[in-house]
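Colleague:
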């Protein structure tokens, strides 16, 4: 636990908690400071008001009966429990009456409000310190300081030059301030402790998550692409992140698998034509040959390499289409016109092979796409249909239809050949280089349908192989809105 | 247009070709092969010197690689065009996407060929591009031997005997006759007669040609539509 602490200090959670802690502490100090100063000011104003009232009362007593009455009232009020401070002194500051025994020198020399709190001692307090039992004489002044108490007062000079002072002890505001101070310290302490606690737990949680992610990613980096980051199921941001990364990993694994499969297939399927190419060249070199023989061998070699180049071009095109191609090549394309063109292009081929061939097209159907790519895809599909239906049944037939079904524009090429009865085979037929066993004898790269599918995917459409009745039906679906 | 127009066949002899290609080996091969076909080819190894040569001398066709050191092929073409140079240009490119072709032609190229290509394809295209070739677009009557087409009435006659063709067959024959005496490849036909640039897996063009051949040769003594092995077709009398 202890060795993990430095690591925890480095987590974002720890840094954030430290920052928040600091900010909150600062705010708390400012708030408390503001509150104490405000309430201290309020208490002071209240004290001053009380003193003013007292002074007014004493002034009325003085008017009523002069010094004797004033002295009596002062004596009387001084004896009340929790009384204010009263002091009557001769012009020299000698205390004559009241409940103040001694006072900070100089206070009485200035008339008006004392500028600063001053210290004083009440009657009986000096004795009270000597005789603890007398402490009860001044219950309201619990021992705050050893030397005396602080107070504020107003000092007046009577017409006969005598000095009257009325004051009030500051014990209460000071006690209030100390209470605030203590609670502030407590609050800060608790905040600090709470912050540290949150810091530790949040930091540790984050660390645990990140450590597990690190472990998992190291495993993946080591080559195990099937590995996934842990998802706790809490649905928090770590989970969301892990889920996204896992989706990414799945995509990478899928692409990687595709790549691996393609390279395997390339190696496998190109080996055959390359071997043929080599044998042809070798055969041309051996034995006695005429010029015509050489010519024929070389022409065969060229034809073979052209087929190889074709295959490579198809592979390249598929990978470019799968990589997303560039969207700028999309344009308004009239599918009906493309169907017409391609059907017209293949019509003589179908006729030559004895395959009935016809197209049913309603009217112009405009999609957003690339004319060349769509033509390429359709020609691949038609080429397949003609090739595989020819000679397989008594009256081979290929039909091309173009119509709209709800939001989908459907271009369908159906033949009445042997089809692909097995559903798994149908699904596999559009994969790269997959040539179902029965078709191995037919010429072709095995890329025709994969390229067509890539073109359809590129157009946000689909290419599905459906069982015909009989035969095979290839459905090319383009997304199309009704208002096109 | 050019004073050589009247010399029916002579225009294709001894073309002056400039090859701007940084791949030394490919350029040497092209130079040799063009020479064998009876043409003179000069080679420039980068965009700058290619531009300077094309700007200074009169060539019949320029063969420009798209990716060149110092100055990009498309910029060379655009530069020449902005200086009023209208020499036909064939762009060679390793980039083969549909967009690349479009941008290449938009930059001022007249034809576009993707690597790897067959030299026979390149030669056929270059010969068709020849600046000195007669502009037969405007002629209303094409005649090769005893075969003639009237481009106004769309009628085809051989030895005064009318031949009925489907619209596409007519366009196919029209293109072949416009380039009579020149080799025309299958992709050139697909591009110019069908206006598509994709790769049909089966040689569909061959079937169209044999159909056309059946109509214009059947019942006549001499073959007129010849197959050039490893290259394409040529319409030629005799």
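Protein chains in written order, with my numbering: chain L, 4 to 487; chain H, 235 to 472. For each residue, glycine too, the CB sits at the ideal point set by N, CA and C. These numbers were taken from a predicted model, which means no experiment stands behind them.
Put residue 435 of chain H into one of helix, strand or coil per three-state DSSP.
Modeller: Coil, per DSSP.
Colleague: If you count every other CB in all the chains shown that lies within 10 Å of the CB of residue 371 of chain H, and 16 or more means buried, which is it?
Modeller: Answer is exposed; the Cβ neighbour count stays below 16.
Colleague: Between L/98, L/416, L/115, which lies nearest to residue 125 of chain L when the distance is taken from Cα to Cα?
Modeller: The shortest Cα separation from residue 125 of chain L among L/98, L/416, L/115 belongs to L/98.
Colleague: Which bits of chain H does residue 313 of chain L rub up against, with CB to CB less than 9 Å?
Modeller: Simply 433, 435.
Colleague: Terminal residues of the continuous beta strand (DSSP E) containing residue 470 of chain L?
Modeller: Note, residue 470 of chain L: beta strand (DSSP E), 465–470.
Colleague: So is residue 409 of chain H in contact with chain L if we call contact Cβ pairs under 7 Å?
Modeller: It does not; no Cβ of chain L falls within 7 Å.
Colleague: Quick one: Cα of residue 316 of chain L to Cα of residue 221 of chain L, how far?
Modeller: Rounded to the nearest angstrom, the two C-alpha atoms are 37 Å apart.
Colleague: Listing by chain order, which chain H residues have their CB less than 8 Å from the CB of residue 379 of chain L?
Modeller: Chain H residues near residue 379 of chain L: 432, 433.
Colleague: Do residue 431 of chain L and residue 490 of chain L count as a contact pair if the criterion is CB distance below 7 Å?
Modeller: The structure shown does not extend to residue 490 of chain L, since chain L is modelled only from 4 through 487, so no value can be given for it.
Colleague: Residues of chain H with a CB under 9 Å from the CB of residue 348 of chain L: which are they?
Modeller: Those are 402, 424, 428, 430, 434, 438, 439, 442, listed as they occur along chain H.
Colleague: DSSP puts residue 170 of chain L in a beta bridge; with which residues?
Modeller: L/88, L/156.
Colleague: Expressed to the nearest angstrom, what Euclidean distance is found between the alpha-carbon atoms of residue 114 of chain L and residue 156 of chain L?
Modeller: For residue 114 of chain L and residue 156 of chain L, the distance between alpha carbons rounds to 10 Å.
Colleague: Using a 10 Å radius around the Cβ and a threshold of 16 neighbouring Cβ atoms, would you call residue 300 of chain H buried or exposed?
Modeller: By the neighbour-count rule (16 or more Cβ atoms within 10 Å), residue 300 of chain H is buried.
Colleague: Would you identify the three-state DSSP class for residue 222 of chain H, choosing helix, strand or coil?
Modeller: Given a span of 235 to 472 for chain H in the structure shown, any question on residue 222 of chain H remains unanswerable.
Colleague: Among H/374, H/307, H/351, which residue has its Cα nearest to the Cα of residue 343 of chain H?
Modeller: Considering only alpha carbons, the answer is H/307.
Colleague: Is the CB-CB distance between residue 278 of chain H and residue 254 of chain H below 7 Å?
Modeller: In contact: residue 278 of chain H and residue 254 of chain H (Cβ atoms closer than 7 Å).
Colleague: Tell me the rounded alpha-carbon separation between residue 298 of chain H and residue 301 of chain L.
Modeller: In a straight line, the C-alpha of residue 298 of chain H is about 28 Å away from that of residue 301 of chain L.
Colleague: Indicate whether at least one CB of chain H lies closer than 7 Å to the CB of residue 526 of chain L.
Modeller: Given that chain L is displayed from residue 4 to residue 487, the structure contains no residue 526 of chain L and the question cannot be resolved.
Colleague: Which residue marks the beginning of the alpha helix (DSSP H) containing residue 378 of chain H, and which one marks its end?
Modeller: No alpha helix (DSSP H) holds residue 378 of chain H; the beta strand (DSSP E) holding it covers 375–378.
Colleague: Using DSSP with H/G/I as helix, E/B as strand and the rest coil, what is residue 483 of chain L?
Modeller: DSSP places residue 483 of chain L in coil when its eight states are reduced to three.
Colleague: Identify the continuous beta strand (DSSP E) that holds residue 360 of chain L and give its terminal residues.
Modeller: 359–364 is the span of the beta strand (DSSP E), which, as asked, contains residue 360 of chain L.
Colleague: Counting along the chain, where does the alpha helix (DSSP H) carrying residue 307 of chain L start and finish?
Modeller: Element bounds for residue 307 of chain L: 294–325.
Colleague: Taking 7 Å as the CB-CB cut-off, is residue 343 of chain H touching chain L?
Modeller: By this cut-off, residue 343 of chain H is not an interface position.
Colleague: Rank L/399, L/39, L/382 by C-alpha distance to the C-alpha of residue 452 of chain L and give the top, closest one.
Modeller: Measuring from the Cα of residue 452 of chain L, the nearest candidate turns out to be L/382.
Colleague: Can you name, in chain order, every residue of its own chain whose Cβ lies under 8 Å from the Cβ of residue 152 of chain L, other than the five neighbours on each side?
Modeller: Counting only Cβ-Cβ distances below 8 Å, and skipping sequence neighbours, we find 122, 123, 124, 125, 144, 172, 173, 174.
Colleague: Listing by chain order, which chain L residues have their CB less than 8 Å from the CB of residue 445 of chain H?
Modeller: The answer, in chain order, is 351.
Colleague: Output the distance between the C-alpha atoms of residue 379 of chain H and residue 457 of chain H, rounded to the nearest integer angstrom.
Modeller: In a straight line, the C-alpha of residue 379 of chain H is about 11 Å away from that of residue 457 of chain H.
Colleague: Rounded to the nearest angstrom, what separates residue 136 of chain L and residue 22 of chain L at their Cα positions?
Modeller: Note that residue 136 of chain L scores 42 on pLDDT, short of 50, meaning its location in the model is unreliable; the coordinates nonetheless yield the value given after this. Residue 136 of chain L and residue 22 of chain L: Cα-Cα distance of roughly 55 Å.
Colleague: 7 Å is my cut-off, CB to CB: does residue 464 of chain H come that close to chain L?
Modeller: Cβ-Cβ to chain L under 7 Å: yes for residue 464 of chain H.
Colleague: Residue range of the beta strand (DSSP E) that residue 323 of chain H falls in?
Modeller: Its beta strand (DSSP E) spans residues 323–327.
Colleague: Could you compute how far the alpha carbon of residue 205 of chain L sits from the alpha carbon of residue 18 of chain L?
Modeller: Spanning the two alpha carbons is a distance of roughly 11 Å.
Colleague: Suppose contacts are defined by Cβ-Cβ distances below 7 Å. Is residue 345 of chain H in contact with residue 365 of chain H by that definition?
Modeller: No.
Colleague: Going by Cα to Cα distance, which pick from L/474, L/91, L/344 is closest to residue 434 of chain H?
Modeller: Ranking the options by Cα distance to residue 434 of chain H, first place goes to L/344.
Colleague: When you compare the CB of residue 368 of chain H with every CB in chain L, is at least one pair closer than 7 Å?
Modeller: Chain L, which has no Cβ nearer than 7 Å to the Cβ of residue 368 of chain H, makes this no.
Colleague: Output yes or no for whether 7 Å exceeds the beta carbon distance between residue 3 of chain L and residue 335 of chain L.
Modeller: This structure does not reach residue 3 of chain L, given that chain L is present from 4 up to 487, and the question cannot be answered.
Colleague: For residue 64 of chain L, which residues in the same chain have their Cβ closer than 6 Å to its Cβ, ignoring the five residues on either side in sequence?
Modeller: Only 72, 73, 76 meet the Cβ criterion.
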